[in-house]
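Those protein sequence lines, which keep their order, are chains P and G.
Numbers 1 to 355, taken from full-length UniProt numbering, label the letters of the first sequence in order.
Numbers 1 to 355, taken from full-length UniProt numbering, label the letters of the second sequence in order.
Protein chains: 2
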Amino acid sequence: MPPKQSDSEKRPTIRDVAARAGVSVPTVSRALIGNYPVAPATRSKVLRAVRELDYVVNAHARALAGATTKTIAFIVDDVTGPFYAHIARGVETEAASQGRLCLLCTTHGDPERELAVVELMREQHAEAVIVVGGGYDDEHYTERMTYFARALDRAGSHLVLCGRPSLGEDVPATTVHYENESGAYAMTAHLLSAGHRTIAYLGRGPGLSTTDERVAGFRRAHADYGVPLDDTLILPGEFSKAAGYDRTQELLEWRSDVTAIFAATDMVAAGVLRALRKAGVQVPQDMSVAGFDDIPLAADLTPALTTVRVPHEDLGRESVRLALSREQGAPAGRAVLGTHIVVRESVAPPRQPRD
Amino acid sequence: MPPKQSDSEKRPTIRDVAARAGVSVPTVSRALIGNYPVAPATRSKVLRAVRELDYVVNAHARALAGATTKTIAFIVDDVTGPFYAHIARGVETEAASQGRLCLLCTTHGDPERELAVVELMREQHAEAVIVVGGGYDDEHYTERMTYFARALDRAGSHLVLCGRPSLGEDVPATTVHYENESGAYAMTAHLLSAGHRTIAYLGRGPGLSTTDERVAGFRRAHADYGVPLDDTLILPGEFSKAAGYDRTQELLEWRSDVTAIFAATDMVAAGVLRALRKAGVQVPQDMSVAGFDDIPLAADLTPALTTVRVPHEDLGRESVRLALSREQGAPAGRAVLGTHIVVRESVAPPRQPRD
DNA sequence: TTCCTATTCCTAACCGGTTTCTAAATTCGT
DNA sequence: ACGAATTTAGAAACCGGTTAGGAATAGGAA
């Protein structure tokens, strides 16, 4: 019924609706928004015209005229990773439930692109710009991000850092983080308690806050347990299955005394498990493996992966909740969500306890 | 340097830039867009003012004034699933490389919400609206989607159906599909060739094109191999690990003659494998299992999953490529990407071949 | 009946850009 | 040195809405 062949060829404007309903343009606007008294009879005339013409407002015109934008921008490394995907889901779900639309951008791990994208978002006048994932420990980067926080704030928008440390007290950016360092601490303690004394940490990214914090927890646990830590056991590598696989193969030919591997990520752990299986190393009898994230398939790996649970979806949800609840000019919010270890089957005491 | 404390409090407009540079507003616009001759000296004055004021254009104003929107809308069930996540990545990557931004919406599998969201996208004037995933076989649904295709087309936008069948020749919507039916056919043929005669298909969604097509391939293979198909072996269930787990447990107590399970999805297959492991059924010795999608962790399940590879990322990329390359008013594009089976370790001949 | 107060709607101004059209300033040929 | 061609810049109109600020019409009290 609606398609209206005759007056097609162009999307109808509010003017067309006004003409058809026999009222003025502002009346149509008010009837639709409902923030101003309009006689019932008039309103129904307007609504009928809207239906007949199949009219929808022009979001850009509305945004330009001052009504709020109803848009939340969302920047991640790569939607593909389970980590990001679940945060994305949290963000999208919460945003949608508050009647907002999501603008998505990916950076593919390039700090330069991340900055460029945040800049792009300024053009869009999003209510909030949520940057997800680890930050980079680089002065130039930090400085520019701080600058963007101020620029967005000035423009009535707001920056949210999700899953990375704060930029400082005086920067107008909300931070939604999770217990990253203590999650790594707990897992390392778990391994040390089981009797492991030579543990490799696999997947340190240089200057990426995500791994820096985890390594810090790894270190602190060693210190608390009085176990000396060999720094060469903190191996670099990106957060991928391939990296986990490769680094593990190298590790196996290089050192035979390692009894446990703490992977920076469950994905990395999957690669580790694969390399160990190929090499005929039994997990957990000959080698314990731990991950981080608790992705959906962590329990389906063989053996089921012992890992650190991160409330990804809640992180996303909380980010938009905080951003939207904040009064203009109010102090930036802050939240830290908890993590805890999930014990499954990939960790056991080492075959020959060292002490 | 840029923050400019003095004239802050408001985002600068093009008018401010013009005033500061000592030129008219249109001149600033032209200097920035570069589609009109501007004297080098003037241009640099303008650029300097832009830098000093830290000016960025207002995307809404620009969109309203007629310049193209540079936005692509993207509608999926749930970003969390590997299937959608990879398509999303393809879409985002290609969109970004063509200088477009992505608008993301999720429907959580609700056809009503999907329609509502497409409607919402009309307000946004996106260049293209890409709907991802299976369509619903429901007359009301099909009719409204057809109507939206027309409405979007009329408004200068364009609908792309990604991963679902076309709406018909005369509907202005581009279709980017994959060999779904023949992928299922190939996998079923693979199972039949191995000697299986009683195969369960697990994860049929009622009226969802994704599964309908797969079931069709499942049927056709049985017919070609002259193997009678017991319809009660086509089990319903959503695309989740939990569903795979539950249905498999039920199946095991109900029928003992099934020698292979074809899961609608790798995620479902993960649940199937888990249920079988719990029940002490050896895979592939006692039961063969096949999946569909070839998600990243498919090779890391135990045993490594034999599955059908779907080029998710390419689907996403091709969707935006087709949408953007299309001339206004040109006939809607169409593409079908190939699938192929990936043989790993979860399928073997049945213990007691039946014929 | 008259005056006053609510209602309800319309006219006008504005949001921040882009584009067409016109005028001024320059360059050029001769 | 003069008129024509060519750049370059500005004025005005427009994109599609929203939000004050009046004017008209209605209803109620005196």
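Glycine residues also receive a C-beta, built at the ideal position from the N, C-alpha and C atoms.
Classified as exposed, G:E169 has fewer than 16 neighbouring CB atoms from the shown chains inside 10 Å of its CB. In this structure, the alpha-carbon of G:A149 lies about 10 angstroms from that of G:A155. Pairing P:F83 with P:C102 gives a Cβ-Cβ distance that is not under 8 angstroms. C-alpha of P:Q285 to C-alpha of P:L202: approximately 19 angstroms in a straight line. The stretch 310-326 of chain G and the stretch 337-346 of chain G touch, with three or more beta-carbon pairs separated by less than 8 angstroms.
Assigned with DSSP and collapsed to three states, P:P284 falls in coil, not helix or strand. Going by DSSP, P:I75 is part of no alpha helix (DSSP H) but of the beta strand (DSSP E) stretching over T71 to V76. In terms of Cα proximity to P:D54, the closest of P:P12, P:G81, P:G183 and P:G34 is P:P12. Annotation: the continuous beta strand (DSSP E) that includes P:L104 extends over L101 to T106. In the structure shown, the three-state DSSP call for G:Y147 is helix. Those residues of the stretch 233-247 of chain G placed with their C-beta closer than 9 angstroms to a C-beta in chain P are K241, ordered along the chain. Around the Cβ of P:E112, a 10 Å sphere holds fewer than 16 other Cβ atoms; the residue is exposed. Two segments are said to touch when three or more pairs of C-beta atoms, one from each, lie closer than 8 angstroms; by this definition the stretch 273-281 of chain G does not touch the stretch 58-71 of chain G. Collapsing the DSSP output to three states places G:P236 in a strand.
Rounded to the nearest whole angstrom, the CA to CA distance from P:P331 to P:V25 is 40 angstroms. For P:V23, the secondary structure class from DSSP, reduced to helix, strand or coil, is coil.
For G:R164, the closest alpha carbon among the candidates G:E143, G:H158, G:G90 and G:D137 is that of G:D137.
Between P:F239 and P:V215, the CB-CB gap reaches or exceeds 8 angstroms.
For G:T175, the enclosing beta strand (DSSP E) starts and ends at A173 to Y178. The stretch 252-262 of chain G makes contact with the stretch 188-203 of chain G: 3 or more CB pairs, one atom from each, lie closer than 8 angstroms.
Pairing G:T306 with G:A275 gives a Cβ-Cβ distance that is not under 8 angstroms.
A Cβ-Cβ separation of about 12 angstroms leaves P:A270 out of contact with P:F292 under the 8 angstroms criterion. As DSSP reads the structure, P:T306 sits in a beta bridge with P:A290. In this structure, G:T174 places its C-beta atom within 8 angstroms of the C-beta atom of G:A323.
One finds A151 in chain P with Cβ atoms closer than 8 angstroms to the Cβ of G:D54, taken in chain order.
For P:V129 against P:V160, the beta-carbon gap comes to about 7 angstroms, under 8 angstroms, which counts as contact. Taking 8 angstroms as the CB threshold, P:E327 stays off the interface with chain G.
The Cβ neighbour count for G:D110, taken over all protein chains shown within 10 Å, is under 16; the residue is labelled exposed. About 20 angstroms separates the CB atoms of G:A243 and G:S288; that is not less than 8 angstroms, and the two are not in contact. Between G:A67 and G:V320, the C-beta spacing is not below 8 angstroms. When C-beta distances to chain G are compared with 8 angstroms, the residues of the stretch 113-143 of chain P below that value are E119, L120, R122, E123, Q124 and H125, in chain order. A Cβ of chain G is located within less than 8 angstroms of the beta carbon of P:P296. At a cut-off of 8 angstroms between beta-carbon atoms, P:E92 makes contact with chain G. When 9 angstroms is used as the limit between beta carbons, P:D300 is near these residues of chain G: K241, A270, G271, L273, R274, L297, D300, L301 and T302, in chain order.
Straight through space, the alpha carbons of G:G183 and G:G217 are spaced by roughly 7 angstroms. Residue environment for G:V343: exposed (fewer than 16 other C-beta atoms within 10 angstroms of its C-beta).
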